Amino acid sequence: MARTLLLLSISKFPSLDNIQTNNFTNFLSFQLNTVKFVSGFSSISMSCIQNPVNFIPPLKKPNLFCKLKHNSASSYKMHKTTKSMAKELYFNHDGSVTRKLQAGVDMVGDLIGVTLGPKGRNVVLQNKYGPPKIVNDGETVLKQIELEDPLENVGVKLVRQAGAKTNDLAGDGSTTSIVLARGLIDEGVKIIAAGRNPIQISRGIEKTATALVSQLKLRSREIEDHEIADVATVSAGNDYAVGNMIADAFNKVGRTGVVRIDKGTSTENRLQIVEGMQFDRGYLSPYFVTDRRRMIVEYDDCKLLLVDKKITHPKEVLKILEKAVKDGFPILIIAEGVEKEALAPIIRNKLKGSLKAVAIKAPDFGERKSHSLDDIAILTKGTVIKDEMGLSLEKVGVEVLGNATKVVITKTSTLIVTDGSTRPAVKQRVSEIKAYAENVEEKFQKKILHERIARLSGGIAIIEVGAQTQVELKDKQLRMEDALNATKAAIEEGVVVGGGCCLLRLSLKVDDIKEQLDNEEQKIGAEIFRHALSYPIRKIAENAGTNGSLVVEKVLSNGNLNYGYNAARDSYEDLMESGIMDPTKVVRCCLEHASSVAKTFLTSDAVAVDIPEKGSFPRGRPMPKMPMSGVGPVGFS
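Below, the structure is given as structure tokens:
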């Protein structure tokens, strides 16, 4: 399959003004399998496009981006004249690039795969600044993998997306996503190496994934209350204590209640119910983050500034923030909005370490926003700054600030925990909202009022993780977070049979799906998916010391959809009755993200990697550009 590259930007080309467009594009044709260097060029830059037509070359002062130097039969170096790092190009002439990328994928699959299932093993991670980490969490391991070979490392980063996206959306299932993606890639590479069209193969994989998700939803059912412990237990690696504690937490705060995991101060796990509120608003800038691993902002004994308008200038909050710096208390600003000019000095002082602060937008909009701010004020014993009340933001002091024992802000949500001292006022507020809701006939308005009631009256369950050592604490905390996320996903979209059995039995639907595909190569893509769907259950069986192929054969020989392999007991049984089930959302995300990554891999035919500069220090991730306008007055800069 032809791929055309166009060499752009020329210098020192004779009689450039007389070159016609058509001749120019023909002159600069560049095939992946044949490199044609054009005489008369002292330097060229390159970009990849397909079917180059109507290209008009620069006529006067061509922009010089880089120099292309021949390096080997399949790689070229682009030495940039700009400050950005130079690139080395690799082309898949003989399949060597695909083999390197696949080697990286296989390494990730082997390393992450050992953690899958109830008999999965631990992975020990080196820690430069402390004791080694011992983890059983695929997502944590995934973040640590960096390979020395640049092409293999690209393969790692490519397949890492499947696990990362699944974990972001469903909170669990990163290991299964990696194993499934590896299966699709391994099976797909075999077929494409035999000369099949990668584009049509990838379309077949994509269409099959969509059809399998539809079949998955048909098999899903709502989770029962007594099954919450089962889902949490399975996700926690068959830790029944963890499963029961999470089930107890949801039993006390309800399915829509807030449950979170914190580090404890003792050796035992502890569950406590506290007063508080959670809503869907995240921090306005990632510079506010205090925990970079989890990308959250977390403050204890925090003050709250509630403003029912936009903050447009730093001087509006100068007095309050100078007090926060002087007294050393953290402050959460909740406003209709914060303009960049006002936000910039807050961020600068936070980064300096002189100010502990975070800003978010107020929940809801319009009149609902004002009511939500009033609810937060009653919960935290604060005062909302409103123009109609005659309060000036520039003149108010700490007397208007609310109080919270803890605030936790992610990029999408805010959690406020209080000490319970405002419980009578909160109950009175809830009673008023209930009385008002009884007289409202409009369904949408009634729904909004009930959401406010649930937000105010619902408690917050905090599970404090206890352990003997820091290493054990981190491992237990990761397991609990996985179990909690899996439980939330199960409550949201229901459950299906677990143990890799659901994915395996979906493979029986591939024949029906193939009938809906357009051509033979798309049907081959569906067949690739059929083989890959057995990879997770094979890996679970192998980690339990059993032959994966025999397990697959025995499970498929039984017509009961819930019949599968229980790796914890090394037995075959009805997995639903045994409490072995997976959240539908997790399985759905695995199918979607694994197929997406595999499709990208199979249609890639060239790679560009950075060439490290000699004598340079390793470069970290660059910080995003921060707005620097609006320097604050003296005393707050």
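Under numbering that gives the first Met the number 0, think of the first position of the sequence shown as 0, with each following residue one higher. Just so it is clear, CB atoms sit at the ideal spot from N, CA and C, and this is done for glycine as well. The model shown is predicted, which means the values in this text are computed figures rather than measured ones.
Point to revise | DSSP bridge partner residues for Tyr534 (one or two, in chain order) | key: Per DSSP, none; premise fails for Tyr534.
Check your understanding: What is the DSSP secondary structure of Asp307, reduced to helix, strand or coil?
Key -> strand
**Study point:** Pair within 9 Å by beta-carbon distance, Gly458 and Val273
**Key:** yes
**Study point:** Euclidean distance between Cα positions of Gln199 and Glu612
**Key:** 40 Å
Exercise for review: Leaving aside the five residues before and after Glu186 along the sequence, list all residues of the same chain whose C-beta is less than 7 Å from its C-beta, in chain order.
Suggested key: Ile527, His530, Ala531
Practice item. Kindly indicate the opening and closing residues of the alpha helix (DSSP H) around Leu354. Key: In the DSSP assignment, Leu354 falls outside any alpha helix (DSSP H) and carries neither an H nor an E.
**Study point:** Nearest candidate by alpha-carbon position, reference Gly336, set Asp307, Gln469, Val140, Met276
**Key:** Asp307
Check your understanding: Does the Cβ-Cβ distance between Val464 and Ile133 come in under 9 Å?
Key -> no
Practice item. Have a look at Gly389 and Val357 and give me their C-alpha separation to the nearest angstrom. Key: 26 Å
Exercise for review: Could you tell me which residues DSSP puts in a beta bridge with Gly401?
Suggested key: Leu303
Point to revise | Gly112 beta carbon less than 9 Å from that of Ile177 | key: Cβ distance < 9 Å, so Ile177 and Gly112 count as in contact.
Exercise for review: Just the C-alpha distance for Val439 and Ser456, rounded to the nearest angstrom, thanks.
Suggested key: 20 Å
Point to revise | Spatial distance of Pro51 from Ile408 (CA atoms) | key: With a pLDDT of only 36 at Pro51, under the threshold of 50, the placement of this residue in the model should not be trusted; the figure read from the coordinates follows. One C-alpha to the other measures close to 49 Å.
**Study point:** Within 9 Å, strictly: CB atoms of Ala540 and Ala566
**Key:** Yes, the Cβ-Cβ distance between Ala540 and Ala566 is below 9 Å.
Point to revise | Residue of Phe600, Ile610, Asp609 minimising C-alpha distance to Asn91 | key: Closest option to Asn91, judged by alpha-carbon separation, among Phe600, Ile610, Asp609: Phe600.
Check your understanding: Under 9 Å, do Lys355 and Gly327 count as touching if we go by C-beta distance?
Key -> yes
Check your understanding: Among the residues of its own chain, which have a CB less than 8 Å from the CB of Lys262, if the five just before and after it don't count?
Key -> Excluding residues within five positions, the ones whose Cβ falls inside 8 Å are Glu463, Val464, Leu472, Gln476.
Point to revise | Gln30, DSSP secondary structure in three states | key: With a pLDDT of only 35 at Gln30, under 50, the local geometry of the prediction cannot be trusted, and the value read off the model is given with reservation. Residue state, collapsed to three classes: strand.
Exercise for review: Name the one or two DSSP bridge partners that Pro582 has.
Suggested key: Val494
**Study point:** CA nearest to the CA of Leu372, picked from Ile333, Gly419, Val123, Ala343
**Key:** Closest by alpha carbon: Ile333.
**Study point:** Per-residue burial, His592 [other beta carbons within 10 Å of its own, 16 or more giving buried]
**Key:** Result: buried.
Check your understanding: How long is the line joining the alpha carbons of Asp229 and Thr602, rounded to whole angstroms?
Key -> 40 Å
Review point. Can you name, in chain order, every residue of its own chain whose Cβ lies under 7 Å from the Cβ of Lys59, other than the five neighbours on each side?
Key: Annotation note: pLDDT 37 at Lys59 (below 50); position unreliable, coordinate value reported separately. Around Lys59: no qualifying Cβ.
Point to revise | Backbone CA spacing between Gly643 and Tyr89 [nearest angstrom] | key: Since the displayed the chain opens at 0 and closes at 636, residue 643 lies outside it and no answer follows.
Check your understanding: If you run the structure through DSSP and keep just helix, strand and coil, what is Gly39?
Key -> Residue confidence is low: Gly39 scores 33 on pLDDT, short of 50, so the model does not pin down where it sits. Its coordinate-derived value is still stated next. Reduced to three states, the DSSP call for Gly39 is coil.
**Study point:** Backbone secondary structure at Phe328 - three-state DSSP
**Key:** coil
Exercise for review: Within the same chain, show all residues whose beta-carbon is closer than 7 Å to that of Gln125, passing over the 5 residues directly before and after it, in chain order.
Suggested key: Pro131
Practice item. Leaving aside the five residues before and after Cys301 along the sequence, list all residues of the same chain whose C-beta is less than 6 Å from its C-beta, in chain order. Key: Pro329, Leu331, Ala403, Val406
Point to revise | Beta-carbon separation (whole angstroms), Glu145 vs Asn135, contact threshold 8 Å | key: Not confirmed; about 21 Å, so no contact.
Point to revise | Same chain, Cβ closer than 7 Å to Asp638, five either side skipped, listed in chain order | key: The chain is shown from 0 up to 636; residue 638 falls before or after that span and cannot be answered.
Exercise for review: Would you tell me roughly how many angstroms separate the C-alpha atoms of Thr174 and Ser219, rounded to the nearest one?
Suggested key: Cα-Cα distance, rounded: 21 Å.
Review point. From Val642 to Val509, what does the alpha carbon distance come to, in whole angstroms?
Key: Residue coverage of the chain in this structure runs from 0 to 636, which leaves residue 642 outside it and unanswerable.
Point to revise | Sub-9 Å separation of Gly203 and Gln521 beta-carbons | key: yes
Practice item. Please name the residue, chosen from Leu270, Val252, Ser353, Met276, that lies closest to Phe287 on a Cα-to-Cα basis. Key: When Leu270, Val252, Ser353, Met276 are compared, the shortest CA-CA separation from Phe287 is found for Ser353.
**Study point:** Rounded Cβ spacing between Gly281 and Thr379 (contact assumed at less than 8 Å)
**Key:** So it is not a contact: roughly 19 Å between Cβ atoms.
Check your understanding: Thinking just about the alpha-carbon of each residue, which of Leu516, Ser577, Thr486 is nearest to the one in Gly172?
Key -> Of the candidates Leu516, Ser577, Thr486, the one whose C-alpha sits nearest the C-alpha of Gly172 is Thr486.
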